[in-house]
Amino acid sequence: MAHQKFNYSSLQEVEQKAKELGVNIPLSENVDVLRQPITIHGREVPNRLAIQPMEGCDGTHDGAPGELTKRRYQRFAKSGAGIIWAEAVAITPEARANPRQLMLTEENLDEFKEMVDNIKATCEKENGFTPVVIMQATHSGRYSKPTGESAPIIMYNNPIFEKDNPIPKERIATDDYLKSLEELFGKAARLAEKAGFDGVDIKACHRYLISESLSAYTRSGPYGGSFENRIRLFLNAIEAAKAAVSGNTFITSRMNAYDGFAYPYGWGVSEDGGETPDMSEPIKLIDILHNKLGIELLDITVGNPYFNPHVNRPFDVGPYESPEHPLVGLARVCDCTGEIKSHFKDLFIISSANSYLRHFSVNMAAGMVESGKADIVGFGRQAFAYPEFANDIIHKGQLDPKKCCIACSKCSQLMRAGTVAGCVVRDTEVYLPIYREKVLNSDKDIKSMV
Numbered sequence: 046m047a048h049q050k051f052n053y054s055s056l057q058e059v060e061q062k063a064k065e066l067g068v069n070i071p072l073s074e075n076v077d078v079l080r081q082p083i084t085i086h087g088r089e090v091p092n093r094l095a096i097q098p099m100e101g102c103d104g105t106h107d108g109a110p111g112e113l114t115k116r117r118y119q120r121f122a123k124s125g126a127g128i129i130w131a132e133a134v135a136i137t138p139e140a141r142a143n144p145r146q147l148m149l150t151e152e153n154l155d156e157f158k159e160m161v162d163n164i165k166a167t168c169e170k171e172n173g174f175t176p177v178v179i180m181q182a183t184h185s186g187r188y189s190k191p192t193g194e195s196a197p198i199i200m201y202n203n204p205i206f207e208k209d210n211p212i213p214k215e216r217i218a219t220d221d222y223l224k225s226l227e228e229l230f231g232k233a234a235r236l237a238e239k240a241g242f243d244g245v246d247i248k249a250c251h252r253y254l255i256s257e258s259l260s261a262y263t264r265s266g267p268y269g270g271s272f273e274n275r276i277r278l279f280l281n282a283i284e285a286a287k288a289a290v291s292g293n294t295f296i297t298s299r300m301n302a303y304d305g306f307a308y309p310y311g312w313g314v315s316e317d318g319g320e321t322p323d324m325s326e327p328i329k330l331i332d333i334l335h336n337k338l339g340i341e342l343l344d345i346t347v348g349n350p351y352f353n354p355h356v357n358r359p360f361d362v363g364p365y366e367s368p369e370h371p372l373v374g375l376a377r378v379c380d381c382t383g384e385i386k387s388h389f390k391d392l393f394i395i396s397s398a399n400s401y402l403r404h405f406s407v408n409m410a411a412g413m414v415e416s417g418k419a420d421i422v423g424f425g426r427q428a429f430a431y432p433e434f435a436n437d438i439i440h441k442g443q444l445d446p447k448k449c450c451i452a453c454s455k456c457s458q459l460m461r462a463g464t465v466a467g468c469v470v471r472d473t474e475v476y477l478p479i480y481r482e483k484v485l486n487s488d489k490d491i492k493s494m495v
């Protein structure tokens, strides 16, 4: 069977289904491994749980945190997660994925500083520790919509996406434009440090601009073709960011290890053809990041949530019927992450795709850490639905099934509808009315899920 909805009543049923499918998902009941502290860039992280960057699309017109942004991060601050990896923050106006995407500037710096200070103060008060807070610096590339209308800036035309309707050549980033972005990533890092963020993520995932550059085999010039050229934008942005901050702020990345597309349009695949993951180039790149540029922490992910979300966040209900069983997708993420970790024992790795298994996601998280496939586990959709998830894992050793994300894709539907994003099912007071107005004329299907 290909696509199949979540229907497991016990961990043993999950294990049995994985065995039937012939895939390996590390599962463990040893939740204690998630309670262990870890030290990254001189900062003690009290547990192995992270909140992944999940956009709420609810900033102000000038890029400052809006009221729903502040509400979300206060909820995250109370969560008990050791790392709060804040959502995408655009480095320049044309890089915004929507008119409400966050964008840190000199003019709104104080508002970001207030938000970061509140996150740390709230977590200290509620949980007795200060979390590591990371800002994700981004250029949305082909998904740029700064005014709400599509205004893509691409590395190259990709027939998998464009088919017979290529994006006009004037929307392909010039070499001079790409060179100018390197300095802007440095500026963003400098402002992030002033705002109090502990780390800055140079975003290289999910087919945003830097991520797309890694697969720019068909592009000519200094930013395409050879491996050295395809990684140029990424490495130069990291070097610019490192040069812009003091030793008190570290540089990191949420990075795609695999796109899910065949060569020459996919990263993390073999040139021999097919969509089977091949970690050769990602490992070669990470060796440079870690051993030459001193990166100590990477957040590994895969796929493209706009085009093939079943690859990086398997769903029960989505924009199409998944061509594979969700556990196959989970296993692929685990395998890619584990292979990278096996090559870099002293590089701290955060794993992704932990939310799909609902209350059993704690067992996958424990399995990833216990087996040495990851050092920390990240939760994205789960944090939207169940912001107190980390404290329940740490203090209760389990998650409440009635609070978990149900992989219904409603948060993504809100985003695609051009409005603010959040959990329609578990945070109904705020997001159900918006969903009803922007996506549906009725909420009958939502009531059936709660």
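Quick note on the working numbering: the sequence shown kicks off at 46 and runs consecutively. Glycine residues also receive a C-beta, built at the ideal position from the N, C-alpha and C atoms. Remember, predicted model here, so these are calculated numbers, not experimental data.
Asked: Looking at the strands, I want to know which residues DSSP matches up with residue 314.; Found: 322
Asked: Rank 249, 296, 223, 261 by C-alpha distance to the C-alpha of residue 242 and give the top, closest one.; Found: 296
Asked: Beta-carbon within less than 6 Å of residue 306's beta-carbon, same chain only, minus the 5 sequence neighbours each way: which residues are those?; Found: 205
Asked: What whole-angstrom Cβ distance do residue 342 and residue 268 have, given they're in contact under 8 Å?; Found: The Cβ separation is near 26 Å, so there is no contact.
Asked: Could you tell me the distance, in whole angstroms, from the CA atom of residue 439 to the CA atom of residue 196?; Found: 44 Å
Asked: Write down the C-beta distance between residue 423 and residue 95 rounded to the nearest angstrom, noting that I regard them as a contact closer than 8 Å.; Found: 4 Å
Asked: Provide the residue span of the alpha helix (DSSP H) that contains residue 113, from first to last.; Found: 112 to 122
Asked: Looking at the secondary structure, which residues open and close the beta strand (DSSP E) in which residue 180 lies?; Found: 177 to 183
Asked: By DSSP, does residue 59 sit in helix, in strand, or in coil?; Found: helix
Asked: Closest to residue 256 by CA distance: which of 271, 221, 303, 431 is it?; Found: 303
Asked: From residue 219 to residue 252, what distance separates their C-alpha atoms?; Found: 18 Å
Asked: Drop a sphere of 10 angstroms on the beta-carbon of residue 240, count the other beta-carbons inside from all chains shown, and report buried for 16 or more, exposed for fewer.; Found: buried
Asked: Based on Cα-Cα distance, which residue from 475, 50, 135, 182 lies nearest to residue 108?; Found: 135
Asked: For residue 429, count neighbouring C-beta atoms within 10 Å of its own C-beta (all shown protein chains included) and say buried if the count is 16 or more, exposed if not.; Found: buried
Asked: What is the C-beta distance between residue 71 and residue 416, in whole angstroms, given that I count them as a contact (C-beta under 8 Å)?; Found: 4 Å
Asked: Whole angstroms are fine: how far does the CA of residue 201 sit from the CA of residue 329?; Found: 23 Å
Asked: Is the stretch 49 to 63 touching the stretch 383 to 399 in the sense that three or more CB pairs, one from each, lie closer than 8 Å?; Found: no
Asked: If you measure between the beta carbons of residue 325 and residue 249, is that distance less than 8 Å?; Found: no
Asked: May I ask you to list the residues that DSSP assigns as paired with residue 393?; Found: 342
Asked: Tell me whether residue 399 sits in a helix, a strand or coil according to DSSP, three-state version.; Found: coil
Asked: What whole-angstrom Cβ distance do residue 227 and residue 285 have, given they're in contact under 8 Å?; Found: 5 Å
Asked: Taking buried to mean at least 16 other C-beta atoms within 10 Å of its own C-beta, is residue 210 buried or exposed?; Found: exposed
Asked: In chain order, what residues of the same chain lie with their CB nearer than 8 Å to the CB of residue 373, ignoring the 5 residues before and after it?; Found: 66, 68
Asked: Taking the DSSP output, what are the residues bridged to residue 300?; Found: 249, 345
Asked: Please list the terminal residues of the continuous beta strand (DSSP E) segment that includes residue 306.; Found: Premise fails: residue 306 is in no beta strand (DSSP E) and is neither H nor E.
Asked: With residue 373 as the anchor, note down where its alpha helix (DSSP H) starts and where it stops.; Found: 371 to 388
Asked: Does the distance from the C-beta atom of residue 350 to that of residue 358 stay below 8 Å?; Found: yes
Asked: Is residue 475 helix, strand or coil when you go by DSSP?; Found: helix
Asked: Use the C-beta contact count for residue 133: other C-beta atoms within 10 angstroms, 16 or more gives buried, fewer gives exposed.; Found: buried
Asked: Pair every Cβ in the stretch 75 to 91 with every Cβ in the stretch 399 to 415, then say whether three or more of these pairs are closer than 8 Å.; Found: yes
Asked: Leaving out five residues on either side along the sequence, give the residues of the same chain with a beta carbon under 6 Å from the beta carbon of residue 431.; Found: 448, 449
Asked: Please state the DSSP three-state secondary structure of residue 481.; Found: helix
Asked: Does the Cβ-Cβ distance between residue 98 and residue 127 come in under 8 Å?; Found: no
Asked: Cβ of residue 130 within 8 Å of Cβ of residue 164?; Found: no
Asked: Mapping DSSP to helix, strand and coil, what is residue 444?; Found: coil
Asked: Under a three-way DSSP split, which group does residue 423 fall into?; Found: strand
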